[in-house]
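Some notes on the structure that comes next.
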Amino acid sequence: MDKLLLIFGGYVAGTSLTGAPLIVAVFMRHVARQYLRNTLFVLWFILVSIKMLTFVAMDVRIDWQLSVLLIPVAAIGHVIGLKLHDKIIANDQQFKKWIGSALLLISSFGLLKLFLS
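In the numbering used here, the protein residues as written are -6 to 110.
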């Protein structure tokens, strides 16, 4: 099952860079929790680099100046994410309760809208 999830996650990531949930499902079983975020960040960086090289090879116009300007923003977001990740790991059960409640609430709104229309 892991291979299937990685193959499909890699395909989706290659087409739209949204295959992370499928890839994370596999990584969570094979990478220690405290290293998961950094490992996935490196994977994301590799996938984006491959995609950008493909754009260059296909002569897709890329605004390099804007791309370079966004690197510090990504780095700041990564550092903030690392700190948040440490807090989440320290209080795992509370985090799962909050996320579960939020997902239940959001899903309820979607179902309500579906039934009312």
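All C-beta atoms in this analysis are idealised placements derived from N, C-alpha and C, irrespective of residue type, glycine included.
Within a Cβ cutoff of 7 angstroms, which residues of the same chain sit near Phe38, ignoring the five residues on either side of it in sequence?
none
State yes or no: is the C-beta of His71 within less than 8 angstroms of the C-beta of Phe34?
yes
Three-state secondary structure (DSSP) of Asn84
coil
Considering Thr11, what are the terminal residues of the alpha helix (DSSP H) in which it resides?
Looking at the DSSP string, Thr11 is not in any alpha helix (DSSP H), and its letter there is neither H nor E.
At a cut-off of 7 angstroms, would you count Ile43 as near the ligand SAH, judging by its Cβ distance to the nearest heavy atom?
This structure simply doesn't include the ligand SAH, nor any ligand for that matter.
Beta-carbon gap between Gly74 and Arg30 smaller than 8 angstroms:
yes
Out of Thr8, Val17 and Ser9, which has the shortest C-alpha to C-alpha gap to Lys(-4)?
Val17
From Gln86, Gly93, Ala13 and Lys80, pick the residue whose C-alpha is nearest to that of Leu40; which is it?
Ala13
Ordered along the chain, which non-local residues of its own chain (more than five positions away) have a Cβ less than 8 angstroms from that of Thr32?
Phe20 and Val24
If you measure between the beta carbons of Asp27 and Ile92, is that distance less than 8 angstroms?
A quick correction: the sequence has Gln, not Asp, at residue 27. In this structure, Ile92 does not lie closer than 8 angstroms to Gln27 by Cβ.
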